[in-house]
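What follows is a short report on a single structure.
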Amino acid sequence: MQVLSTKSEFREHLETVRALGRTVGLVPTMGALHEGHLSLLRAAANDCDVVALTIFVNPLQFGAGEDLDAYPRPLERDLELAEEAGADVVFTPTTSEMYPGLTLTNVHVDRLTSSMEGASRPTHFDGVTTVVTKLFNIAGPCRAYFGEKDFQQLAVVRRMAADLDQPVEIVGCPIVRETDGLAMSSRNVYLASAEREAATVINRALRAGAAMIEAGESDPSVIEAHMASIIEAEPLAALDYAAVVNPESLLTPDHLVSGTTVRLLMVAQVGTPRLLDNLGVDVP
Ligand code: PAF
14 MQVLSTKSEF REHLETVRAL GRTVGLVPTM GALHEGHLSL LRAAANDCDV VALTIFVNPL
74 QFGAGEDLDA YPRPLERDLE LAEEAGADVV FTPTTSEMYP GLTLTNVHVD RLTSSMEGAS
134 RPTHFDGVTT VVTKLFNIAG PCRAYFGEKD FQQLAVVRRM AADLDQPVEI VGCPIVRETD
194 GLAMSSRNVY LASAEREAAT VINRALRAGA AMIEAGESDP SVIEAHMASI IEAEPLAALD
254 YAAVVNPESL LTPDHLVSGT TVRLLMVAQV GTPRLLDNLG VDVP
């Protein structure tokens with residue numbers, strides 16, 4: 014496995030790979046790899062000839078007062094895990110390599126970024142779409158793998174790639190969970206033990222929302238209120254949002270329509286971290 018830290022080395026490496034007729038699977042991450050990331054690497058290894066992992070904690074997507082400085086950066090361990098999961102090349106740029114001077118350009122996706130994470134973290138998605146565009150431009154034509162845990166991010170990146178004709182096929186991969194249902198996240202390391210137990214309330218609330226839909230409830234506001242009440246009953250958790258949305262537009266429908274699929278999204282703060290989770294539900 015090669016570890017490259019400059020844009021030109023990474024770009025040239027992948028150009029050579031494609032010139033040999035081999036396909037590239039790109040897995041953009043901020044490191045602190047867990048099973049969720051490793052599942053993306055394995056999916057890329059299954060579909061593509063060469064797997065390229067990027068590890069870059071992108072300052073642009075952190076707001077003031079968020080955990081940029083504290084964000085875990087266990088690089089040695091990440092490299093070991095990445096190699097075991099099938100990565101062939103890893104791009105680990107410094108911040109000054111990625112952003113050598115003042116950046117006057119950013120990439121903004123409209124509408125999909127205004128609600129949920131966008132409402133709570135107003136500059137977040139511009140930071141994500143700007144760095145992901147830069148990574149796509151450096152990597153060149155490829156398939157790029159993103160986890161469904163960040164469901165809104167996946168929808169935003171898909172739309173960006175389509176709208177801007179980026180030569181990248183976006184592949185969404187299922188959420189990987191701990192045995193008690195908690196979605197895996199690099200931020201789970203911040204949870205103290207009582208908080209770790211309390212955090213399972215998020216997945217329980219999502220499953221309760223899904224059960225309501227499966228039992229015939231078709232009013233999104235009733236389902237959202239029910240999911241919210243489950244979080245509110247857990248003293249260590251503070252609800253940010255509970256939403257029932259169309260998986261592409263991310264808008265909340267007036268009524269759920271039989272035969273469609275909706276996505277339930279929730280975020281709650283448990284101790285320090287904000288924890289995200291979501292679930293797809295077929296409306297009976
Ligand atoms: O999902 C993440 O880890 C980040 O938002 C991403 C896509 C790597 C961009 O920095």
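Heads up, the sequence shown is in my numbering, so the first residue is 14 and it goes up one at a time. Every residue, glycine too, gets a C-beta built ideally from N, C-alpha and C.
Is residue 71 near ligand 1 - that is, is its Cβ less than 7 Å away from at least one heavy atom of it? In the sequence shown, residue 71 corresponds to position 58, counting from 1. For ligand 1, at least one heavy atom lies less than 7 Å from the Cβ of residue 71.
By the 10 Å Cβ neighbour count, where 16 or more other Cβ atoms means buried, how is residue 275 classified, buried or exposed? Mapped onto the sequence shown, residue 275 falls at position 262. That one is buried.
Taking C-alpha atoms, which residue in 22, 73 and 56 lies nearest to residue 160? In the sequence shown, the residue the question calls residue 160 occupies position 147. Comparing Cα positions, the closest option is 56.
According to DSSP, residue 155 sits in a beta bridge with which residue or residues? Residue 155 sits at position 142 when you count from the first residue of the sequence shown. Paired residues: 181.
Just curious, the alpha helix (DSSP H) that residue 220 is in, first and last residue? As a working mapping, residue 220 is identified with position 207 in the sequence shown. Per DSSP, residue 220 belongs to the alpha helix (DSSP H) from 213 to 227.
Residue 135 Cβ short of 7 Å to ligand 1 heavy atom set: Start at 1 with the first residue of the sequence shown, and residue 135 comes out as number 122. Not under cutoff, so the answer is no.
Is residue 172 buried or exposed, if buried means 16 or more other CB atoms sit within 10 Å of its CB? Start at 1 with the first residue of the sequence shown, and residue 172 comes out as number 159. By the 10 Å Cβ count, residue 172 comes out buried.
Quick check on residue 190: does DSSP put it in helix, strand or coil? On the sequence shown, residue 190 is found 177 positions in, with the first residue counted as 1. Residue 190: strand per DSSP, three-state reduction.
With distances taken Cα to Cα, identify the nearest neighbour of residue 227 among 64, 277 and 262. Locating residue 227 in the sequence shown gives position 214, counting from the first residue. Checked all of 64, 277 and 262; the closest Cα to residue 227 is 277.
Does the distance between the C-beta of residue 282 and the nearest non-hydrogen atom of ligand 1 fall short of 7 Å? Position 269 of the sequence shown, counting from 1, holds the residue named residue 282. No, ligand 1 has no heavy atom inside 7 Å of this Cβ.
Using a beta-carbon distance below 8 Å, is residue 112 in contact with chain D? Absent from the structure is chain D; it holds one protein chain and no more.
Is residue 163 near ligand 1, judged by its Cβ being under 7 Å from some heavy atom? Within the sequence shown, residue 163 is the residue found at index 150, counting from 1. Yes, the Cβ of residue 163 comes within 7 Å of a heavy atom of ligand 1.
Out of curiosity, what's the CA-to-CA distance linking residue 205 and residue 92? To locate residue 205, count along the sequence shown from 1; it is residue 192. To locate residue 92, count along the sequence shown from 1; it is residue 79. Residue 205 and residue 92: Cα-Cα distance of roughly 26 Å.
Less than 7 Å separating the Cβ of residue 248 from some heavy atom of ligand 1? What you label residue 248 is simply residue 235 of the sequence shown in a count that begins at 1. Because no heavy atom of ligand 1 lies under 7 Å away, the Cβ of residue 248 does not count as near it: no.
Is it true that the CB of residue 49 sits closer than 8 Å to the CB of residue 189? By one-based count along the sequence shown, residue 189 stands at place 176. By one-based count along the sequence shown, residue 49 stands at place 36. Taking 8 Å as the Cβ cut-off, residue 189 and residue 49 qualify as a contacting pair.
Residue interval of the alpha helix (DSSP H) (run including residue 15): The residue you call residue 15 lines up with position 2 of the sequence shown. Run containing residue 15: none in the alpha helix (DSSP H); it sits in the beta strand (DSSP E), 15 to 17.
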